[in-house]
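Position 232 of the sequence shown, counted from 1, bears residue number 217 in the numbering used here, the numbering being contiguous throughout. This report refers to the structure that appears directly beneath it.
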Amino acid sequence: MGLSDLLSADSRGKWWLVGAGWSGNPLVEKVGTLSTQKKTKTVDEQEDEEVILDFARKQGMNTDVRRSVFVTLLTSEDFQHACDRLHGFKLTHVQQREFVRVTLHCCGMEGAYNPYYTLVLNNLCANSYDHRFTLQYAIWDFLRELDEGGYSDERASNVAKTLAFLFGRGSVDVTILKALDFTDLSKATRRFLDVLVRTLFITTQSASPLLKLPKGFTPDDTDTEAVEAAFEKALAAPELAGGLAWVIQGIKKTPAKGTTETGGEVVRIAAEAALGVLARAI
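See below:
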């Protein structure tokens, strides 16, 4: 019984009283109201989906699979929910490559670094060789286009930070950069590598996707073994090891803007540890 029932009691009767006369069927009317509300909600949901699909097309999601992955990433509650939904798709191994490629695209399209996409990629690559392999080729494509001036500094920085986290967590390793020609790097690629390596030094000390040192962390807490482990992978590719050593030498000479005193000291200590490892290949 609601206020509308009381107001219409004279004309329709007091249906809630036993034995009282009344007209109409309030239960059916209630169901009808709920049904209308449900339909309205469904229309709203459809409109939201159309907006996202339109955005997906503008972002170059030109196949049903790419659009489905894109919508899934943008509508999931968190990274685990996103990964569970992606793995629920009945796709071929070739189609599943879009999981990594679309996530990497989304990582770059954000105006600022978003750890959500980092965690999705980390989950995918940590649990599948196929996804690690796909990421390698996706990064090679990215680096080629970056060298040609195809990406903004913001997009490059987002990808660099994400890749640094993956290196630091061990879901992929630095040999993914072996396709780079360090003798002929564009300014954009050098900036990308600067952000990547500085961030990698931090991610070897912290498991946080926010790329921050733990609270109370001091330079004396720096785990140089973790740094060495991350860069030892490059020893299998001497040219890569030499190139990374060159990048690190530049980092030592130029402190990053906005870095805290502790962060700067951790980067310096980590740089020395990394150079010590890379020197074995030079």
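We put the CB at the ideal spot given by N, CA and C, even for glycine.
Do T207 and G153 have their CB atoms nearer than 9 Å?
no
In whole angstroms, give me the CA-to-CA distance for I233 and D39.
43 Å
Taking the alpha carbon of T57 as the point to measure from, which residue in N47, D205, G96, G73 has its own alpha carbon closest?
G73
Thinking just about the alpha-carbon of each residue, which of T147, L170, D169 is nearest to the one in V159?
T147
For E321, the three-state DSSP class (helix, strand or coil)
The question about residue 321 has no answer, for the chain in this structure spans -14 to 267.
Which whole runs of the beta strand (DSSP E) in the segment 53 to 111 are 3 residues long or more, in chain order?
none
C-alpha gap between A141 and L89, whole angstroms
11 Å
Cα-Cα separation, D115 to L229
26 Å
When you compare the segment 247 to 256 with the segment 194 to 209, are there three or more beta-carbon pairs, one atom per stretch, that lie closer than 8 Å?
yes
Can you tell me the Cβ-Cβ gap for A226 and L181, rounded? I've got them flagged as a contact below 8 Å.
Actually they do not touch by this definition, with Cβ atoms about 15 Å apart.
Using three-state DSSP, classify S156 as helix, strand or coil.
coil
Specify the secondary structure class of P199 as computed by DSSP and reduced to three states.
coil
If you compare alpha carbons, which of E139, A123, C68 is closest to G96?
E139
Once you ignore the five residues that flank V212 on each side, which residues in its own chain have a CB closer than 7 Å to its CB?
F186, T189, A255, A258, A259
For G227, the three-state DSSP class (helix, strand or coil):
helix
Where D169 sits in the DSSP three-state scheme:
coil
Cβ pair count under 8 Å reaching 3, the segment 115 to 125 against the segment 76 to 90:
yes
Spatial neighbours of F55 within its chain, please: CB distance less than 6 Å, with the 5 preceding and 5 following residues excluded, ordered by chain position.
A41, M46, V87
Put M(-14) into one of helix, strand or coil per three-state DSSP.
Confidence is the limiting factor: at M(-14) the pLDDT is only 48, short of 50, which leaves the residue's position unreliable and the question unanswerable from this model.
Drop a sphere of 10 angstroms on the beta-carbon of A221, count the other beta-carbons inside from all chains shown, and report buried for 16 or more, exposed for fewer.
exposed
For H78, I'd like the list of residues in its chain whose CB is within less than 8 Å of its CB, leaving aside the five on either flank, ordered along the chain.
D115
Segment limits, alpha helix (DSSP H) that includes T247
246 to 263
When the Cα of K172 is compared with those of L162, D132, L59, which residue comes out closest?
D132
Given that a residue counts as buried once 16 or more other Cβ atoms are within 10 Å of its Cβ, and exposed if not, what is R175?
exposed
If you count every other CB in all the chains shown that lies within 10 Å of the CB of N107, and 16 or more means buried, which is it?
buried
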